[in-house]
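Novice: First, the structure itself, so that you have it in front of you.
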Amino acid sequence: MAKNGKKGREKDKVKNKGKDSGRRLAAQPPEEESSSHYAKDLDHLQIEIAHLQAWVKKTGARIVIVFEGRDAAGKGGVIKRLTERVSPRVFRVVALPAPTDREKTQIYMQRYIQQLPAAGEVVIFDRSWYNRPGVERVMGFCTDEKAKRFLELAPRFEAAMVESGIVLLKYFLDVSEEEQERRFRQRIGDPLRQWKLSPMDVESYRRWWDYTRAYDEMIRMTDTEYAPWWIVPSDDKRQARINCISHILASIPYEHVKFDEPELGKRQKRPDDYVETMRARRLVPNVY
Numbered sequence: 000m001a002k003n004g005k006k007g008r009e010k011d012k013v014k015n016k017g018k019d020s021g022r023r024l025a026a027q028p029p030e031e032e033s034s035s036h037y038a039k040d041l042d043h044l045q046i047e048i049a050h051l052q053a054w055v056k057k058t059g060a061r062i063v064i065v066f067e068g069r070d071a072a073g074k075g076g077v078i079k080r081l082t083e084r085v086s087p088r089v090f091r092v093v094a095l096p097a098p099t100d101r102e103k104t105q106i107y108m109q110r111y112i113q114q115l116p117a118a119g120e121v122v123i124f125d126r127s128w129y130n131r132p133g134v135e136r137v138m139g140f141c142t143d144e145k146a147k148r149f150l151e152l153a154p155r156f157e158a159a160m161v162e163s164g165i166v167l168l169k170y171f172l173d174v175s176e177e178e179q180e181r182r183f184r185q186r187i188g189d190p191l192r193q194w195k196l197s198p199m200d201v202e203s204y205r206r207w208w209d210y211t212r213a214y215d216e217m218i219r220m221t222d223t224e225y226a227p228w229w230i231v232p233s234d235d236k237r238q239a240r241i242n243c244i245s246h247i248l249a250s251i252p253y254e255h256v257k258f259d260e261p262e263l264g265k266r267q268k269r270p271d272d273y274v275e276t277m278r279a280r281r282l283v284p285n286v287y
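Using numbering that gives the first Met the number 0, the letters of the sequence shown map in sequence onto residues 0 to 287.
Right, here's the structure in full:
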């Protein structure tokens, strides 16, 4: 009886051990579980972006996506996930530098107009014509009068784009003061991110409330029914990426285009008269 009891206890021990292992496997740490869900969701969205690309190419659609927002809010991260699995010939990212002396003499919108898409293109603006009521105004690169005049004219410019058949989407990525500071300090201490921290970023940190007032007026005066602003809370970068890309896909009436599988056929045979060159070739050193 005692012997059987011992065996029973051992069986129960093994059984419970199996249950405990199962529980440990099922109850993943929140971070790992979150990472797994994020990767799965992103993979699904990027497949849909590929379908969108095929539809754009077939229909000749023209799409403009504008990304604005606080410094360190994660614009680059969203753009990277949006474009990393598609062709740069279809999805073109525009991140213009400061205007040249010649461009400063042009109509303000001129250098942006020449970047607008032709048929079968998606143009993504990593900052856009909204530099004027934002950084240019706050940093004193343009007068208040010019910024206000821009805010009056921008909706007309965007109305003309939409009337021409362009799909225009505008996103503003927002981040809290605390999270922005955390990301700035992270950049300062990481050689791989230090290039992201420009003097303008430092000024945006110092002038948080000047930028807040400027952005509030910008959104209030240029949020229209035909070209509304969509705000993306970005303290959680992964959440912001999934939410923003999902919204982009939901905002464009694309359809899945059937993929015509090519027939590879047969490779040609090696010619009888082909002789490999005897000349030494420079090979990249094998370091891996």
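Just so you know, even glycine gets a beta-carbon here, dropped at the ideal spot from N, CA and C.
#1: Tell me which residue opens and which closes the alpha helix (DSSP H) that residue 66 is part of.
#2: With distances taken Cα to Cα, identify the nearest neighbour of residue 62 among 193, 264, 253, 40.
#3: Taking contact to mean at least 3 C-beta pairs separated by less than 8 Å, is the segment 271-284 in contact with the segment 69-77?
#4: Taking C-beta to C-beta, are residue 166 and residue 251 nearer than 8 Å?
#5: According to DSSP, simplified to helix, strand and coil, what is residue 57?
#6: Is the segment 125-138 touching the segment 189-209 in the sense that three or more CB pairs, one from each, lie closer than 8 Å?
#7: Buried or exposed, going by whether 16 or more other CB atoms sit within 10 Å of the CB of residue 128?
#8: What residue does the alpha helix (DSSP H) around residue 78 start on, and which one ends it?
#9: What is the residue span of the beta strand (DSSP E) that residue 230 lies within?
#10: Span of the beta strand (DSSP E) holding residue 170?
#11: Considering residue 201, what are the terminal residues of the alpha helix (DSSP H) in which it resides?
Specialist: Here's the rundown:
#1: Residue 66 -> not in any alpha helix (DSSP H); beta strand (DSSP E) instead, spanning 61-68.
#2: 253
#3: no
#4: yes
#5: helix
#6: yes
#7: buried
#8: 74-82
#9: 228-232
#10: 166-173
#11: 198-205
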